[in-house]
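Asks: In the order they appear, the protein sequences are chains C and Y. In case it helps, this note's numbering puts the first sequence at residues 1 to 10. In case it helps, this note's numbering puts the second sequence at residues 11 to 225. Virtual Cβ for every residue (Gly too), placed ideally from N, Cα, C. As the structure is a computational prediction, the values presented were derived from the model and not from experiment. Following this message is one structure expressed as structure tokens.
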Amino acid sequence: NPESQSHDEL
Amino acid sequence: MNIFRFAGDMTHLISVLVLLLKIYATKSCSGISLKTQELYALVFLSRYLDLFTNYISLYNTLMKLVFIGSSLAIVWCMRMHHAVKRSYDKEVDTFRHYYLVLACFVLATLVNEQFTLREVCWAFSIYLEAVAILPQLVLLQRSGNVDNLTGQYVFFLGAYRAFYILNWIYRYFTEQYFTRWIACIAGIVQTALYADFFYYYFISWKNNAKLQLPA
Chain C
1 NPESQSHDEL
Chain Y
11 MNIFRFAGDM
21 THLISVLVLL
31 LKIYATKSCS
41 GISLKTQELY
51 ALVFLSRYLD
61 LFTNYISLYN
71 TLMKLVFIGS
81 SLAIVWCMRM
91 HHAVKRSYDK
101 EVDTFRHYYL
111 VLACFVLATL
121 VNEQFTLREV
131 CWAFSIYLEA
141 VAILPQLVLL
151 QRSGNVDNLT
161 GQYVFFLGAY
171 RAFYILNWIY
181 RYFTEQYFTR
191 WIACIAGIVQ
201 TALYADFFYY
211 YFISWKNNAK
221 LQLPA
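In structure tokens form, the structure reads like this:
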């Protein structure tokens, strides 16, 4: 889902 | 995960390891700004709030723990370790970094993706990271000559976000993934702040000379 996608970076 | 993102994370990790090596090997933090280290500790603490709630991967969790742990360890060392804190240039490290924290916090409450605690803290950490290097760059300019490990530390720290920008461009063209414009703009500003340092770093590398920043 876009949520985890956008927060998958450090 | 693409090669640019991985290179960025590794470059960031190397910068932390170089700084830890400098402090551990020389038992000195001369030329290092405590204020920049405190700002980075705040950046990681405010960005990785979801460390235990939002599991993405072992790699992601490990890297977050390393960045939080190392930044806190460095701040602790520079404040408490008997030998290291003696070498801290308190009178040169005078940047008013609390103003940076306040400005970034106000900006984060005004400009964010959603007005939720997590998103405001995330935006705050992104803005703060963009300017966190300022006390360190000011200290280097004031102290003139830069020792090798400190120069390498700043170089890798600046290079990591440049790799992230390449990662965002790559993901845009390959995954139609639009990175968040807050991260993108702040990342560009952050990398641009290193521009003059990169220039003098390249000159010193080309002439095989000591890194000198103009006062």
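Over the uninterrupted alpha helix (DSSP H) stretch that includes residue 111(Y), give me the two end residues.
Replies: Judged by DSSP secondary structure, residue 111(Y) falls within the alpha helix (DSSP H) whose first and last residues are 107-120.
Asks: Going straight from the alpha carbon of residue 223(Y) to that of residue 11(Y), what length do you get?
Replies: 36 Å
Asks: If you measure from the beta carbon of residue 32(Y) to each beta carbon in chain C, is any gap under 8 Å?
Replies: Between residue 32(Y) and chain C, the shortest Cβ-Cβ separation is not below 8 Å.
Asks: Closer than 8 Å, CB to CB, is residue 84(Y) near chain C or not?
Replies: no
Asks: Do residue 56(Y) and residue 134(Y) count as a contact pair if the criterion is CB distance below 8 Å?
Replies: yes
Asks: Judging by CA-CA distance, which residue of 188(Y), 178(Y), 210(Y) is the nearest neighbour of residue 13(Y)?
Replies: 178(Y)
Asks: Starting from the beta carbon of residue 70(Y), find every residue of chain C whose beta carbon is closer than 8 Å, and list them in chain order.
Replies: 8, 10
Asks: Please list, in chain order, all residues of the same chain as residue 229(Y) whose beta carbon is under 6 Å from its beta carbon, the five residues on each side excluded.
Replies: Absent from the model: residue 229(Y). The displayed extent of chain Y is 11 to 225, so no value can be given.
Asks: Please list the partners that residue 122(Y) has in chain C, where partner means a Cβ-to-Cβ separation under 9 Å.
Replies: Under the 9 Å cutoff, chain C gives no residues; its nearest Cβ is about 13 Å from residue 122(Y).
Asks: Helix, strand or coil: how does DSSP classify residue 155(Y) here?
Replies: strand
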